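Trainee: Here's a structure for you.
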Amino acid sequence: MKIFNLGVDEDYPEYLQRKIIISNMIGMIIAFLVALPFVFISLIFFPPLTFLPIVAVPIALSTLFFNYVRLHTLARIVISLVPVCLASIYQAYLSNKGEGVTPGLSMIMLSFSFVIFVIFDFREKGLLIGMSVIMLFIMLSMDWLNDSLEMELDTQIMVTGLLAKMVIVISIVSGAGCILILAFQNKEAEKKAFDLVKAAEESKLKMAEQEQELKDNLTKLEARQKEEKERQWANEGLTKCIALIRNQPDLNKLSNELISFTVKYLNANQGGLFLVNEDNPSDVYLELVAAYAYERKKYLEKRVDIGQGLLGQAYLEKQSVYVKEIPENYVTITSGLGTGNPTSLLLVPLKINEEIRGIIELAS
């Protein structure tokens, strides 16, 4: 109910917000479940005392007003002390000199005395200790009040009969109300704590998702950058090849310069350029016209028949061939450390209008 939230401010500490709500609830309980019934009881049985519960109703409800105007400390002091004081005075008038307190009223006063521990937090030590001292003083003053306040009333009905039972019921209801309020607040606190934990888990999950999304985007960006770098690298190589072709009219020199540039640009170890020799239509073969870093034996093998070996296969299939399991003695790489078989071989057909005009062989 919104009325219980009067005076609650989100800027207040969490515990203070709960205590304000509790004080509003207790004010309503005392006003309507304790003071108001005693107005009717007093009117019927003890008319001279009617003014006490009548005064108690607006005082109990003033708690909501004080909380509303941000006087929450005053509101809690009022609802802690005034009901006990009024109940003590009511009890004193009903008790003849030398007589003890009536059971029903004593139970109501006892429930009122516990209110301070319900509406003040242990973090408010000063207020809690001060209110406890005042409450103890009121309790110790009961005998003095009983002897000081006298009124000619028939109080036997408060000890025996239906009214005594009604007062006991009212005291039980008021005490149970305070307990239920505490239970309700504890449940709300647990729910809020659960919601906070859930929100933290969701936030953690969301952060993990965002982190993963960031990683994915970074991976995509790196992939695009890599693709762009490779594209630029390929375009630069193509541009240089075109420049070689334009600047070198001699086919033999162009072939040597082209295969030398290709091997170096691709960081390969060696390579050869084979062109299709169709001088004799009945004897078409692949002829090695330029080589880079081939050993002498390989360099002497200038002719490769169509369909022979990997070169002949690439010519017939009109597709590039990339192999890592190179036939033994197919080609060797010579360096200052000796000779050895390459680990990979790439054969790329040179096409003009889907017709094979040559093959580039690269080994690494």
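Under our numbering, the first residue of the sequence shown carries the number 281, and numbering increases by one thereafter. Positions of the beta carbon are idealized from the N, C-alpha and C atoms, including for glycine. Note that this is a predicted model, so its numbers are computed, not measured.
Tell me the rounded alpha-carbon separation between E596 and P629.
Mentor: Within the sequence shown, numbered from 1, the residue matching residue 596 stands at position 316. Within the sequence shown, numbered from 1, the residue matching residue 629 stands at position 349. Note on residue identity: the sequence assigns Leu, not Glu, to residue 596. Using only the alpha carbons, I get a separation of about 10 Å.
Trainee: Could you name the residues of the same chain whose beta carbon sits closer than 8 Å to that of G587, not counting the 5 residues immediately before and after it, in chain order?
Mentor: For the purposes of this step, residue 587 is taken as the residue at position 307 of the sequence shown. Taken in chain order, the residues that qualify are Q593, Y595 and L596.
Trainee: Using three-state DSSP, classify P363 as helix, strand or coil.
Mentor: Taking the first residue of the sequence shown as position 1, residue 363 is located at position 83. Correct three-state label for P363: helix.
Trainee: Where do the ends of the alpha helix (DSSP H) carrying Q297 lie?
Mentor: Taking the sequence shown and counting its residues from 1, one reaches residue 297 at position 17. Run containing Q297: E294 to I309, per the alpha helix (DSSP H) assignment.
Trainee: Rounded to whole angstroms, how far is the Cβ of I414 from the Cβ of L366, which I believe are closer than 8 Å?
Mentor: To locate residue 414, count along the sequence shown from 1; it is residue 134. To locate residue 366, count along the sequence shown from 1; it is residue 86. Contact flag wrong, Cβ pair sits at about 14 Å.
Trainee: Does DSSP put I459 in a helix, in a strand, or in coil?
Mentor: Residue mapping note: residue 459 aligns to position 179 of the sequence shown, counting from 1. If DSSP states are grouped into helix, strand and coil, I459 belongs with the helices.
Trainee: According to DSSP, simplified to helix, strand and coil, what is K582?
Mentor: Taking the sequence shown and counting its residues from 1, one reaches residue 582 at position 302. K582 falls in the coil class under three-state DSSP.
Trainee: What are the boundary residues of the beta strand (DSSP E) that A643 is part of?
Mentor: Reading the sequence shown from its first residue, position 363 is the one you call residue 643. Where A643 is concerned, the enclosing beta strand (DSSP E) stretches over E635 to A643.
Trainee: For K495, would you say it is in contact with chain D, using Cβ-to-Cβ distances shorter than 8 Å as the test?
Mentor: The structure shown contains no chain D; it holds only a single protein chain.
Trainee: Taking a contact to mean a Cβ-Cβ separation below 8 Å, would you say L332 touches G457 in this structure?
Mentor: Against the sequence shown, residue 332 aligns to sequence position 52. Against the sequence shown, residue 457 aligns to sequence position 177. Contact: no.
Trainee: Among V569, M389, I300 and P293, which residue has its Cα nearest to the Cα of G287?
Mentor: Sequence index remark: in the sequence shown, residue 287 carries index 7 (1-based). Closest option to G287, Cα to Cα, is I300.
Trainee: Would you decide whether R298 is buried or exposed? Buried here means 16 or more other CB atoms lie within 10 Å of its CB.
Mentor: Along the sequence shown, read from residue 1 onward, the residue named residue 298 stands at position 18. So R298 counts as buried.
Trainee: Is the CB-CB distance between L538 and L524 below 8 Å?
Mentor: Within the sequence shown, the letter at position 258 stands for residue 538. Within the sequence shown, the letter at position 244 stands for residue 524. Against a cut-off of 8 Å, the Cβ pair of L524 and L538 comes out as a contact.
Trainee: In the DSSP assignment, find the unbroken beta strand (DSSP E) run with V413 in it and report its ends.
Mentor: As a first step, residue 413 is located in the sequence shown; it is residue number 133 there, counting from the start. First-last for V413: K405 to L420, but that is the alpha helix (DSSP H), not the beta strand (DSSP E).
Trainee: I think I399 touches I459, with their Cβ atoms under 8 Å apart; what is that distance to the nearest whole Å?
Mentor: Taking the first residue of the sequence shown as position 1, residue 399 is located at position 119. Taking the first residue of the sequence shown as position 1, residue 459 is located at position 179. With 8 Å as the limit, I399 and I459 do not qualify as a contact, their Cβ atoms being about 14 Å apart.
Trainee: Fully enclosed by the stretch 311-356, which alpha helix (DSSP H) runs are 4 residues long or longer?
Mentor: Here the runs fully enclosed are 316-325 and 331-348.
Trainee: On the CB-based measure, 16 or more other CB atoms within 10 Å of its CB, does G406 come out buried or exposed?
Mentor: On the sequence shown, position 126 is the one that residue 406 refers to. G406 is exposed by the Cβ-count criterion.
Trainee: If you reduce the DSSP assignment to three classes, tell me which class G552 lands in.
Mentor: Here residue 552 refers to the residue found at position 272 of the sequence shown. Strand, per DSSP.
Trainee: Are Y295 and D401 close, meaning C-beta to C-beta below 8 Å?
Mentor: Sequence index remark: in the sequence shown, residue 295 carries index 15 (1-based). Sequence index remark: in the sequence shown, residue 401 carries index 121 (1-based). If you check the CB distance, Y295 and D401 come in under 8 Å.
Trainee: Just grab the DSSP bridge partners of K631 for me.
Mentor: Along the sequence shown, one-based indexing puts residue 631 at 351. Paired residues: I636.
Trainee: Roughly how many whole angstroms lie between the Cα atoms of K631 and S644?
Mentor: Taking the sequence shown and counting its residues from 1, the one referred to as residue 631 is at position 351. Taking the sequence shown and counting its residues from 1, the one referred to as residue 644 is at position 364. So the alpha carbons of these two residues sit roughly 23 Å apart.
Trainee: How big is the Cα-Cα spacing for P317 and M487?
Mentor: On the sequence shown, position 37 is the one that residue 317 refers to. On the sequence shown, position 207 is the one that residue 487 refers to. If you take the alpha carbons of P317 and M487, they lie about 57 Å apart.
Trainee: Looking at the structure shown, is A514 part of a helix, part of a strand, or coil, going by DSSP?
Mentor: By one-based count along the sequence shown, residue 514 stands at place 234. Three-state DSSP puts A514 in a helix.
Trainee: How many whole angstroms separate the CB atoms of L591 and L566, which I take to be in contact at a CB cut-off of 8 Å?
Mentor: In the sequence shown, counting from the first residue as 1, residue 591 sits at position 311. In the sequence shown, counting from the first residue as 1, residue 566 sits at position 286. With a Cβ gap of about 6 Å, L591 and L566 count as contacting.
Trainee: On the DSSP bridge list, what partners appear for V601?
Mentor: Here residue 601 corresponds to residue number 321 of the sequence shown, with the count starting at 1. Answer is L627.
Trainee: Would you report the Cα separation of T614 and Q492, rounded to the nearest angstrom?
Mentor: For the purposes of this step, residue 614 is identified with residue 334 of the sequence shown, where counting begins at 1. For the purposes of this step, residue 492 is identified with residue 212 of the sequence shown, where counting begins at 1. Because the pLDDT at T614 is just 42, under 50, the model does not fix this residue reliably, and the value given afterwards should be weighed accordingly. Roughly 48 Å between the two C-alpha positions.
Trainee: For E470, which of helix, strand or coil comes out of DSSP?
Mentor: As a working note, residue 470 is residue 190 in the sequence shown. Correct three-state label for E470: helix.
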